[in-house]
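Trainee:
Residue numbers (this note's numbering), protein chains in the order written: chain A, 680 to 877; chain B, 15 to 259.
#1: Give a yes or no on whether 8 Å exceeds the smallest Cβ distance from residue 240 of chain B to chain A.
#2: Could you tell me which whole alpha helix (DSSP H) segments of length 4 or greater appear in the region 185-251 of chain B?
#3: Helix, strand or coil for residue 839 of chain A, going by three-state DSSP, please let me know.
#4: Applying the 10 Å Cβ sphere with the 16-neighbour rule, what's the burial state of residue 160 of chain B?
#5: Under 8 Å, with one C-beta from each stretch per pair, do the region 840-847 of chain A and the region 228-248 of chain B reach the 3-pair mark?
#6: With DSSP collapsed to three states, give me the class of residue 101 of chain B.
#7: In the DSSP assignment, the alpha helix (DSSP H) including residue 728 of chain A goes from what residue to what residue?
#8: Rounded to whole angstroms, what's the CA-CA distance from residue 49 of chain B to residue 100 of chain B? Just pull it up for me.
#9: Which of the three DSSP states is assigned to residue 703 of chain A in this structure?
#10: Restricting to Cα atoms, I'd like to know which of A:834, A:825, A:805 is closest to residue 782 of chain A.
#11: Taking residue 169 of chain B as the query, report the chain C residues whose CB atoms sit under 8 Å from its CB, ordered along the chain.
#12: Give, in chain order, every residue of the region 774-798 of chain A whose Cβ lies closer than 7 Å to some Cβ of chain B.
#13: DSSP state of residue 73 of chain B, grouped into three classes?
#14: Alpha carbon to alpha carbon, how far is residue 136 of chain B from residue 249 of chain B?
#15: Determine the chain A residues that contact residue 124 of chain B at a beta-carbon separation under 8 Å, and present them in chain order.
#16: Is any beta-carbon of chain B found at less than 8 Å from that of residue 841 of chain A?
#17: Three-state secondary structure (DSSP) at residue 823 of chain A?
#18: Taking the straight line between their C-alpha atoms, what separation do you get for residue 873 of chain A and residue 858 of chain A?
#19: Out of A:764, A:824, A:731, A:804, state which residue places its alpha-carbon closest to the alpha-carbon of residue 850 of chain A.
#20: Express the C-alpha separation of residue 788 of chain A and residue 879 of chain A in angstroms, rounding to a whole number.
#21: Kindly indicate which residue of A:689, A:724, A:726 has the alpha-carbon position closest to the one of residue 709 of chain A.
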């Protein structure tokens with residue numbers, strides 16, 4: 680019980696410290712101080728700073744994917760499901776700009792292992808996009824990597840916004856992001872029609 | 015080179031296809047010739063640049079030390095500092111070299127008489143081939159540089175803006191007329207980049223050319239519609255398999 684809560688404190692401390700200082704300058708001492716645990720306890724749980732950061736990163740991605748999934752599943756019809764999932768994504772990131780920056784921008788500078796986790800995180804939303812293949816009239820003819828590319832388009836637009844320091848205004852980006860997500864499956868006319876609704 | 019005569023000429027790449035002007039505007043070299051160095055320094059310098067790219071690819075730019083670079087290049091620390099101010103300067107030079115090659119490929123794909131979709135296809139094909147032939151530079155330019163911040167990130171970003179302008183040419187002759195968001199070229203480029211980076215990270219850099227039909231589809235579909243984008247994608251597949259033989 681105690682070990683579990685110490686671990687959770689440490690993971691949340693790791694996200695806070697790295698979001699504030701950047702991955703490179705963060706030390707194990709920073710993490711133990713922020714989490715209020717001893718160095719010995721730290722090394723009982725993690726081999727080093729990187730292992731701790733990766734675990735923290737995974738836990739943050741977990742939370743994000745669960746929120747997206749819940750919003751997506753609550754709707755009917757693929758375009759409405761995608762819209763809801765994207766709304767959840769944008770709202771979650773906008774609610775915590777430092778974490779958004781960490782999750783999508785700074786993770787790239789934390790070394791190859793972190794970059795692989797980032798990619799693995801992106802792949803977890805693939806099923807939401809793959810449904811578009813069944814929904815689209817031309818679904819079977821679409822390129823093999825269409826879902827990966829659609830995810831890349833969405834994340835690219837979101838990342839640009841975060842890099843420009845506008846993470847808190849991400850929800851405003853919904854029409855553009857929705858268009859980018861739908862256009863590979865539905866074509867520009869249908870994607871624009873879906874984007875213009877509401 | 016770009017004679018900024020008419021008031022709208024800065025935004026006129028789409029109409030004039032002035033790729034030289036575009037490169038100049040982004041202060042990018044159009045090919046490798048711009049980067050020639052004196053012979054001896056050239057080889058030591060190139061060894062250092064290759065070592066820089068290699069180390070950044072293996073352990074990340076952040077974790078790379080000047081000692082790593084010098085050891086791998088077989089060059090003394092003193093020589094390193096004769097050629098570069100610091101690690102960032104060396105990384106920036108390695109990025110410049112990569113970008114010069116990439117821009118060379120794009121200039122080669124460009125021709126005023128070529129249809130837009132063919133230009134996108136040829137530039138993409140050349141770009142993928144270039145990346146496949148230099149896996150470490152590919153990794154450095156598309157994975158480490160974007161995350162590095164500073165001047166190298168700026169180089170990466172300006173290279174991306176050139177590609178974006180090339181894509182925006184598609185707005186001139188859209189088959190379907192509805193309003194599409196202005197971010198559509200940026201989104202398409204991110205889609206292609208994400209696919210390429212995924213392939214590099216999974217260790218399949220040498221087979222990047224296989225992605226050509228997919229990338230042609232994603233970059234043309236917002237402008238040309240699905241039917242035509244699928245047709246262009248099939249064309250690209252034919253093109254690719256012919257080139258492979």
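By construction, the Cβ of each residue, glycine as well, lies at the ideal position given by its N, Cα and C atoms.
Mentor: Once the coordinates are examined:
#1: To locate residue 240 of chain B, count along the second chain from 1; it is residue 226. Yes - at least one Cβ of chain A is within 8 Å of the one on residue 240 of chain B.
#2: 198-215, 226-238
#3: Walking along the first chain from the start, residue 839 of chain A turns up at place 160. Note: residue 839 of chain A maps to helix in three-state DSSP.
#4: The residue labelled residue 160 of chain B in the question sits at position 146 within the second chain. Answer is buried; the Cβ neighbour count reaches 16.
#5: no
#6: Numbered from its first residue, the second chain carries residue 101 of chain B at position 87. Of the three classes helix, strand and coil, the one that applies to residue 101 of chain B here is helix, per DSSP.
#7: Against the first chain, residue 728 of chain A aligns to sequence position 49. Element bounds for residue 728 of chain A: 728-752.
#8: The sequence position of residue 49 of chain B within the second chain is 35, counting from 1. The sequence position of residue 100 of chain B within the second chain is 86, counting from 1. Low confidence applies to residue 49 of chain B: its pLDDT is 40, below 50, so where it sits in the model is not reliable enough to give any reading.
#9: Against the first chain, residue 703 of chain A aligns to sequence position 24. Coil, per DSSP.
#10: Counting from one through the first chain, the residue named residue 782 of chain A turns up at place 103. That would be A:834, whose Cα lies nearest to the Cα of residue 782 of chain A.
#11: The question asks about chain C, but that chain is absent: this structure's protein chains are A and B.
#12: 787, 788, 790, 791, 794, 795, 798
#13: What you label residue 73 of chain B is simply residue 59 of the second chain in a count that begins at 1. Residue 73 of chain B: helix per DSSP, three-state reduction.
#14: Within the second chain, residue 136 of chain B is the residue found at index 122, counting from 1. Within the second chain, residue 249 of chain B is the residue found at index 235, counting from 1. Between residue 136 of chain B and residue 249 of chain B, the C-alpha separation is close to 11 Å.
#15: If you number the second chain from 1, residue 124 of chain B lands on position 110. Correct list: empty, because the minimum Cβ distance to chain A is about 24 Å.
#16: Translated into the one-based positions of the first chain, residue 841 of chain A becomes position 162. Taking Cβ atoms only, chain B never reaches closer than 8 Å to residue 841 of chain A, which makes this a no.
#17: By one-based count along the first chain, residue 823 of chain A stands at place 144. Residue 823 of chain A falls in the coil class under three-state DSSP.
#18: The residue labelled residue 873 of chain A in the question sits at position 194 within the first chain. The residue labelled residue 858 of chain A in the question sits at position 179 within the first chain. Distance between the alpha carbons of residue 873 of chain A and residue 858 of chain A: 8 Å.
#19: Within the first chain, residue 850 of chain A is the residue found at index 171, counting from 1. Per the Cα distances, A:764.
#20: Not covered by the structure: residue 879 of chain A. The range shown for chain A is 680 to 877.
#21: For the purposes of this step, residue 709 of chain A is taken as residue 30 along the first chain, with counting starting at 1. For residue 709 of chain A, the nearest C-alpha among the options comes from A:689.
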